[in-house]
Amino acid sequence: MPEAEMTIAERIQAQLDTLTRAERQLAHSILENYPASGLGPLSALARDAQVSAPTVARMVQKLGFRNYPDFQAELREELKAKVKNPIAKHDTWAEGAPSGHVLNRFTEAVIDNIRLTLAQIEPATFDAACALIADTERPLFIVGGRVTHTIAEYLFLHLQVVRPRITHIQSTSNAWPHHLLDAKQGDVFVIFDMRRYENNTLKLAEMARAKGATIILITDQWRSPIHSVADICFSNRIVVPSAWDSMATTLLLVETMIAAVQDVNWGEARTRMEALEDIFDQTRLYRKFT
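In terms of the UniProt record's numbering, the sequence shown has 148 at position 148, counting the first letter as 1, and numbering is strictly consecutive.
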């Protein structure tokens with residue numbers, strides 16, 4: 001992936017294996033409170049990471065920046081992108097809109113989002129997440145926000161057929177506290193949180209983590225603050241020529257997860273599917289043409 005298309009967090013993650021011990025220590029310190037960690041003076045970042053100022057300067061250059069001010073300028077641009085509202089996003093695209101029909105421009109953006117997202121996902125991490133989701137010994141909770149509740153419900157609807165002990169939680173503060181009453185060590189929470197990140201969802205994640213739950217976060221390329229308490233984090237590219245962000249890449253990830261979990265639990269999933277089809281037949285939910 002070209003560096004110009006990567007966030008600083010993605011650049012750091014791509015280079016972790018090539019860093020020295022001190023640089024790796026600095027990298028983890030930056031990522032722990034990203035992007036705010038890099039917005040202060042160079043000396044403060046070095047002190048917080050317990051490394052030298054020259055280590056910070058070398059690291060910044062390894063990431064493709066001439067100096068620390070250039071590094072900070074890019075961080076500020078990322079921070080502005082994280083909090084853009086739909087009107088600001090539309091104006092950004094309108095200013096530099098390329099020629100061609102919106103169908104082509106939008107499709108090209110989605111394809112790029114998919115390509116760049118998949119390049120950042122480690123198959124082993126994906127498999128580990130699916131194994132957690134498929135483990136029927138672990139109660140599973142799926143959480144979405146104001147917009148992402150639709151895709152959270154889509155995941156819930158399919159997994160409800162594949163496995164038992166699953167709950168769909170709305171992140172509104174008058175609904176989710178009840179679901180945390182019985183949350184415990186080993187429970188799995190799949191949480192969706194995209195820009196503009198929601199305070200209710202962050203508080204839910206923090207409280208679930210405090211109870212010992214395992215958290216799988218599905219977020220965007222800038223990463224929700226929830227990443228600091230998540231065990232597994234999937235960052236999806238969401239930018240398209242629109243006032244709204246795109247969920248196409250996120251939906252691809254979710255549908256792939258559904259297929260993987262179904263395969264892991266196929267014996268039980270098939271039995272549940274057959275039972276559900278029998279219920280559909282009895283209730284005449286679907287029309288029969290034979």
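A virtual CB, placed ideally from N, CA and C, is assigned to each residue, including glycine. Bear in mind that the values here come from a model prediction, so they are computed numbers and not experimental data.
Nearest-angstrom beta carbon gap, V254 and C130 [assumed within contact, 8 angstroms]: The Cβ separation is near 11 angstroms, so there is no contact.
Entirely enclosed alpha helix (DSSP H) segments - the segment 198-250, minimum 4 residues: 199-210
Status (buried if at least 16 other CB within 10 Å, exposed otherwise) for E77: exposed
Where the alpha helix (DSSP H) through G267 begins and ends: W266 to T283
Alpha carbon of L217 to alpha carbon of A230, nearest angstrom: 6 angstroms
Proximity of L42 and A53 at Cβ, strictly below 8 angstroms: yes
Buried versus exposed call for T271 [16 or more other C-beta atoms within 10 Å across all chains shown]: exposed
Environment of D281 [buried if 16+ CB atoms lie within 10 Å]: exposed
Top-ranked residue by Cα proximity to R105, from G40, L132, E268 and V239: V239
Under the three-state DSSP convention, the category H178 falls into: helix
Three-state class that DSSP yields for G38 in the structure shown: helix
Proximity of Q185 and G145 at Cβ, strictly below 8 angstroms: no
8 angstroms Cβ shell around D187 - same chain, five flanking residues per side excluded: R138, P139, L140, F141, A208, K211, G212, A213 and T214
For I30, the first and last residue of its enclosing alpha helix (DSSP H): R21 to E32
Separation of L276 from Y286, as counted between CA atoms: 12 angstroms
Burial state of E198 (16 or more Cβ within 10 Å): buried
DSSP three-state assignment for H101, whether helix, strand or coil: coil
contact_flag[the segment 103-118, the segment 244-254] where n(CB pairs < 8 angstroms) is 3 or more: yes
Whole-number beta carbon distance between F192 and T148, since they are thought to touch under 8 angstroms: 4 angstroms
Cβ-Cβ distance between N265 and V162 below 8 angstroms: yes
Counted within 10 angstroms of its Cβ, other Cβ atoms place A152 as buried (16 or more) or exposed: buried
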